[in-house]
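> My questions all concern the structure below.
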Amino acid sequence: MALKVVSKDGVEFQIDAEIAQQSSLLKPYSDEGFSGSIPLINVESSILKYIIEFCNHHKNDSQSEAVDGDDDDDDDDPNKDIYEPKRRDDIGGWDSNFMKQFSVQYGTLFDIIMASNYLGIKLLLSAGCKAVSNLVKGKSAQEIREIFHISYDPPHEGENVISNGLTDPSASNDTGVSNDNI
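Structure representation (structure tokens):
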């Protein structure tokens with residue numbers, strides 16, 4: 002049974018039950034056979050269409066793959082170093098290509114992350130967060146500021162220095178006790 006959802010900008014979408022099952026927000030409506038329209042007040046239609054595409058691609062994934070995002074069976078590899086931490090920043094082939102179409106510059110990457118969080122779609126939320134993680138991995142603070150368009154004017158020497166009455170004898174303190182006796 003298909004669900005009707007309405008995006009923030011009023012566009013109606015039909016969502017298959019398999020897709021609704023991937024969303025903790027929509028799953029109860031699907032399970033109960035809800036027949037009305039469900040308003041998605043935090044998701045624009047331009048983003049919702051991508052979310053539906055992502056969920057449609059993953060609708061036949063097993064439950065463990067959907068939760069882990071891990072379709073590798075290397076856990077049984079006898080040559081694998083058990084003390085080596087499992088990388089959690091890798092994004093699989095299709096998911097990686099899917100995430101590349103979103104950008105920080107236009108805010109679409111963060112729109113996908115926010116919408117997947119709102120809808121409770123763990124696999125998409127994880128892929129979005131991993132994409133952001135991969136953007137900043139190995140970058141300097143300046144490079145990260147450039148990626149996210151963050152302006153930063155470092156304080157000039159001597160500005161914004163916190164004065165501590167215990168370390169600065171000339172600083173006054175509120176206790177009325179002079180620093181000379183400390």
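Its first residue numbered 2, the sequence shown is counted upward by one per residue in the numbering used here. Just so it is clear, CB atoms sit at the ideal spot from N, CA and C, and this is done for glycine as well.
(1) Taking 8 Å as the threshold, find out whether the stretch 23-42 comes into contact with the stretch 95-104 through three or more Cβ pairs.
(2) Could you pull the start and end residues of the beta strand (DSSP E) that Glu33 belongs to?
(3) Considering just the uninterrupted stretch of the beta strand (DSSP E) at Lys5, what are its terminal residues?
(4) As an exercise, report each continuous beta strand (DSSP E) stretch of at least 3 residues that is fully enclosed by the stretch 94-141, in chain order.
(5) Can you list, in chain order, the residues of its chain whose CB lies under 7 Å from that of Ser25, leaving out five sequence neighbours each side?
(6) If we ignore side chains and look at the alpha-carbon of each, how far apart do Gly11 and Ile42 end up?
(7) Are the beta-carbon atoms belonging to Glu33 and Lys60 less than 8 Å from one another?
(8) Going by other Cβ atoms of all chains shown within 10 Å of its Cβ, with 16 needed for buried, is Phe149 buried or exposed?
In brief:
(1) No contact exists between the stretch 23-42 and the stretch 95-104.
(2) First-last for Glu33: undefined, no H or E at that position.
(3) Following the DSSP letters along the chain, one finds Lys5 inside the beta strand (DSSP E) bounded by residues 4-7.
(4) Listed in chain order, there is nothing to give.
(5) Listed in chain order, the non-local C-beta contacts of Ser25 below 7 Å within the same chain comprise Gly121, local neighbours out to five positions each way being set aside.
(6) In this structure, the alpha-carbon of Gly11 lies about 9 Å from that of Ile42.
(7) No, the Cβ-Cβ distance between Glu33 and Lys60 is not below 8 Å.
(8) Burial call: exposed.
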